[in-house]
Structures are given as structure tokens and as C-alpha cells.
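First comes the structure, then the notes that go with it.
Residue numbers (the UniProt record's numbering): 1 to 212.
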């Protein structure tokens with residue numbers, strides 16, 4: 001068991017089967033992507049039909065308006081909006097602080113101080129933060145420089161993303177000591193299809209001993 005609890009979010013869910021796997025392995029959050037160009041894009045009707053007892057339901061949004069996000073959240077029975085575009089604080093404020101997971105891309109910042117300044121700017125309007133790979137968008141499936149996040153100020157509960165899976169999870173956790181993990185392509189057998197074996201391996205790592 002790790003010294004502290006690490007939240008686990010499994011994103012890119014497209015089926016009841018994969019949602020059931022998340023429940024079985026005791027995930028904390030589940031994510032649905034509402035971005036047309038993503039191979040994991042789902043409709044409001046699909047998500048509404050997926051049952052996820054005990055899990056916090058998150059929708060990933062890129063270019064929708066505030067009203068669209070609110071409508072989708074209501075009809076798809078979502079708890080959180082993961083804002084994966086360049087939404088500003090006013091956008092977050094309109095949704096409500098407790099309903100926002102704000103995404104940042106650390107590679108955009110020259111220094112940690114610049115990143116932390118942006119984190120402070122969004123603090124009154126967000127519940128969680130997510131640090132993703134790349135410089136924008138999502139679904140890159142590539143790792144980021146975990147050392148850049150090491151010792152990050154605890155302004156909010158923060159998650160990391162970027163190709164996380166059994167092959168690199170230990171290095172990511174030991175590299176930056178995150179509050180949470182966002183899993184997607186690194187635990188799939190095909191885009192939008194989660195692998196029970198990879199998920200089990202990740203959950204075993206997090207819930208079992210993390211040996212250096």
C-alpha cells in the first residue's frame with residue numbers, strides 16, 4: 001500500500017463493459033469524452049445509459065459553450081466537467097467551482113512559478129486540476145517530464161495524465177507524487193476499448209506495495 005491514497009480516474013470510457021471494469025477495480029472517477037475527433041467520443045445518450053454506481057462521472061469538453069456543457073452534464077448525469085480547452089476563469093465560474101476539473105499543460109510553461117501562478121488564477125473556480133502531456137488538447141498518449149511537477153504546491157488536488165500504464169506508472173508516481181492518476185490509452189487494447197489485464201496491473205500497483 002502506498003503511503004497516501006492516490007485517486008484513479010479511467011477516461012475514454014465508451015461501453016458499459018468497460019465501466020463495469022472500473023467499478024470492479026475500485027476506481028474513483030470515470031471519464032467520457034465529448035470531442036468529435038476523438039476515437040473515444042461518445043454521445044449524451046450513450047453516457048446516460050451507462051450505469052456507474054460509486055464513481056464520480058466526468059465529461060471531457062474542449063470547444064463547447066457554457067450552455068452546451070451544462071446541458072450535457074445534466075442529461076448525461078455528470079458530476080464534473082473536465083475542461084480540456086482554453087476555457088477562462090469566467091467559464092469555470094459559470095459552471096460552478098465544485099463541478100470543474102481544469103486542465104493545464106506543463107510544457108507550455110517555462111518555469112514552475114509560471115505554472116503555479118496560473119493555478120492560483122483558477123483556484124477560486126476549480127475543484128480539481130489535471131496536468132496533461134503535450135501543449136494542448138488531449139489523447140496524446142505520450143509521457144511528460146514528471147520531475148517538472150515534483151514538489152508542486154498543493155493548491156488543489158491534482159491528477160497527472162500522459163500515456164500512463166503498467167509500463168511507466170511507478171516512475172510517474174515516484175517522479176512527482178501526484179494526488180491522482182488519469183488513465184486512458186495506456187490501459188487499452190484498442191482505442192476506446194479498455195484492457196482488463198492492464199487495468200488490473202495498474203490497480204495492483206497502486207493498491208499494493210510500490211517497490212523501487
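For glycine and all other residues, C-beta sits at the position ideal for the given N, C-alpha and C.
A quick note: this is a predicted structure, and the numbers were derived from the prediction, not measured.
What is the rounded straight-line gap between the Cα of residue i and the Cα of residue j?
{"i": "residue 51", "j": "residue 17", "result": "10 Å"}
{"i": "residue 155", "j": "residue 120", "result": "7 Å"}
{"i": "residue 56", "j": "residue 30", "result": "6 Å"}
{"i": "residue 22", "j": "residue 109", "result": "33 Å"}
{"i": "residue 20", "j": "residue 203", "result": "14 Å"}
{"i": "residue 6", "j": "residue 68", "result": "31 Å"}
{"i": "residue 205", "j": "residue 172", "result": "12 Å"}
{"i": "residue 207", "j": "residue 84", "result": "28 Å"}
{"i": "residue 143", "j": "residue 54", "result": "29 Å"}
Between the options, which lies nearest to residue i when the distance is taken from Cα to Cα?
{"i": "residue 113", "options": "69, 77, 151", "result": "151"}
{"i": "residue 191", "options": "9, 134, 39, 35", "result": "39"}
{"i": "residue 41", "options": "47, 48, 33", "result": "33"}
{"i": "residue 74", "options": "85, 48, 64", "result": "48"}
{"i": "residue 178", "options": "197, 157, 195, 167", "result": "157"}
Ordered along the chain, which non-local residues of its own chain (more than five positions away) have a Cβ less than 7 Å from that of residue i?
{"i": "residue 66", "result": "91, 94, 95"}
Could you check whether residue j and residue i sit closer than 8 Å to each other, using their CB atoms as the reference points?
{"i": "residue 201", "j": "residue 163", "result": "no"}
{"i": "residue 13", "j": "residue 180", "result": "no"}
{"i": "residue 100", "j": "residue 77", "result": "no"}
{"i": "residue 130", "j": "residue 81", "result": "no"}
{"i": "residue 165", "j": "residue 193", "result": "no"}
Return the chain-ordered list of same chain residues with a C-beta closer than 8 Å to the C-beta of residue i, the five sequence neighbours on each side being excluded.
{"i": "residue 116", "result": "152, 153, 155"}
Excluding the 5 residues preceding and the 5 following residue i in the sequence, name in chain order all residues of the same chain whose CB lies nearer than 6 Å to its CB.
{"i": "residue 125", "result": "89, 92, 93, 97"}
{"i": "residue 146", "result": "172, 175, 176"}
{"i": "residue 11", "result": "31, 182, 184"}
Original post:
Taking only runs of the alpha helix (DSSP H) that begin and end inside the segment 4-35, which ones reach a length of at least 4 residues, in chain order?
Top reply: 16-24
**OP:** Starting from the N-terminal side, write out each stretch of the alpha helix (DSSP H) that is 4 residues or longer and does not extend beyond the segment 130-178.
**Re:** 169-176
Original post:
Considering only residues of the segment 25-98, which uninterrupted beta strand (DSSP E) runs meet the minimum length of 3 residues and lie entirely inside it, listed in chain order?
Top reply: 29-33, 56-61, 80-83
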